[in-house]
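The structure appears below as structure tokens.
Residue numbers (full-length UniProt numbering): 1 to 161.
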């Protein structure tokens, strides 16, 4: 919830440089109760759009008009908003992470494979988490179980002969 300082300008007011006005007093009071960080709802309110439109604008979905994307981007920047990947994963039932499990990080073949995987996934906006199971089936299973709770977008298993 946003609590306004008595002297703060209303939403939509701009300073002499055309930036949205946010006073330090407001900055202290903006943010979720649990983390103190600005929320998507607050970004949406400052930009004058719905939370779903703000979310779509920040994710770069093409159905949002460019002028709205810019308003949301400016609002997010002025509030210091940073997207919460855990909340996004919870809402969408999966994350932007792909887990790659390898038996060794000292084998050049696996290093080259990891680099190629990361290059391909990065351009698609996905993060890579690497797990090394040291040729141990028990460790491989443990890593799988530990990463599945985070709802990865995918898991790649590399093996050996």
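Glycine is no exception: its CB is placed at the ideal position from the N, C-alpha and C atoms.
The structure displayed is predicted, hence computed values, not measured ones.
Counting only runs of at least 4 residues, the segment 93-131 fully encloses the following alpha helix (DSSP H) elements, listed from N- to C-terminal order: 108-122. Non-local C-beta neighbours of residue 117 in its own chain, meaning closer than 7 angstroms and more than five positions away in sequence, comprise 100, 128, 156, ordered along the chain. Taking C-alpha positions only, residue 151 is separated from residue 58 by approximately 22 angstroms. Between the segment 70-79 and the segment 43-62 there are three or more C-beta pairs closer than 8 angstroms, enough to call the two in contact.
Looking at the backbone, the Cα of residue 115 and that of residue 108 are separated by about 11 angstroms. If you draw a 10 Å sphere on the C-beta of residue 140, you find 16 or more other C-beta atoms in it, and that means buried.
By alpha-carbon distance to residue 83, the top candidate from 51, 102, 147, 63 is 51. Membership of residue 155 in any alpha helix (DSSP H) is not indicated; the residue belongs instead to the beta strand (DSSP E) covering 154-157. Going by beta carbons, residue 96 and residue 87 fall outside the 9 angstroms limit.
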